[in-house]
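**Q**
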Amino acid sequence: MTALLDINQLLDELEAGLRRILAERGVDNPALIGIRTGGVWLADVMSKRLGLAEPYGELDISFYRDDFSRIGLNPRVAPSSLPFDTEGRDIILIDDVIMSGRTIRAAMNEIFDYGRPASIILATLIDLGARELPVQPDVTGKALALDAHQRVKLRGPDPLRIEFQETGQ
77 MTALLDINQL LDELEAGLRR ILAERGVDNP ALIGIRTGGV WLADVMSKRL GLAEPYGELD
137 ISFYRDDFSR IGLNPRVAPS SLPFDTEGRD IILIDDVIMS GRTIRAAMNE IFDYGRPASI
197 ILATLIDLGA RELPVQPDVT GKALALDAHQ RVKLRGPDPL RIEFQETGQ
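Numbering (our numbering), first residue to last: 77 to 245.
1) In or out: Met77 buried (at least 16 other Cβ within 10 Å) or exposed?
2) State buried or exposed for Arg165, treating a residue as buried only when at least 16 other CB atoms are found within 10 Å of its CB.
3) If you check the beta carbons only, do Ile202 and Asp172 fall under 8 Å apart?
4) Taking buried to mean at least 16 other C-beta atoms within 10 Å of its own C-beta, is Pro213 buried or exposed?
5) Measuring only the C-alpha atoms, how far is Thr113 from Ala154?
6) Looking at Ala107: is its Cβ nearer than 8 Å to the Cβ of Glu130?
7) Only counting the same chain, and skipping five residues up and downstream in sequence, which positions put a Cβ closer than 8 Å to that of Phe160?
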């Protein structure tokens, strides 16, 4: 995959999908949470696009990862910040890329430590589809299939852009 992806088109797809699912579920006051780092950048953009008045939350899932003991602590760990109560709230959880589902599992574990939400809508910009856990996004900007030696990364925050990398395998 060497073709460039149009970030604005992906953001349009994500916004349209979120508006659709919020309308279908009758959710009119969602709380938005981004997973650091790319998910926070997307939360900032989607919060503005969706016209949400409430500030979005930021999760740093470093301590919730199931590979924490194997890979160690990310040197840039920062505290999570949820400027709202999650108890009984409809949450939009947003991240840049979903692959195995493990990051999302860790994020949901952390969210539940803050309180039990009414629901969680999962939105990802890119879905790589290589699940290890049964976690599926409700909304995605684009599904991609990459070769084993390829990676995709959201760069930003200003401007946001998609970058493809070769791992050399």
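The C-beta atom is built at its ideal place from N, Cα and C for all residues, glycine as well. Computed from a prediction, not measured in an experiment: that's the story for all the values here.
**A** To lay it out plainly:
1) Residue confidence for Met77 is low, a pLDDT of 41 falling below 50, so the modelled location carries little weight; the figure read from the coordinates is stated next. Residue environment: Met77 is assigned as exposed (fewer than 16 neighbouring CB atoms within 10 Å of its CB, all protein chains considered).
2) With a 10 Å radius around the Cβ and a threshold of 16 neighbouring Cβ atoms, Arg165 comes out buried.
3) yes
4) buried
5) 11 Å
6) For Ala107 and Glu130, yes; Cβs fall inside 8 Å.
7) Ala107, Glu130, Pro131, Gly133
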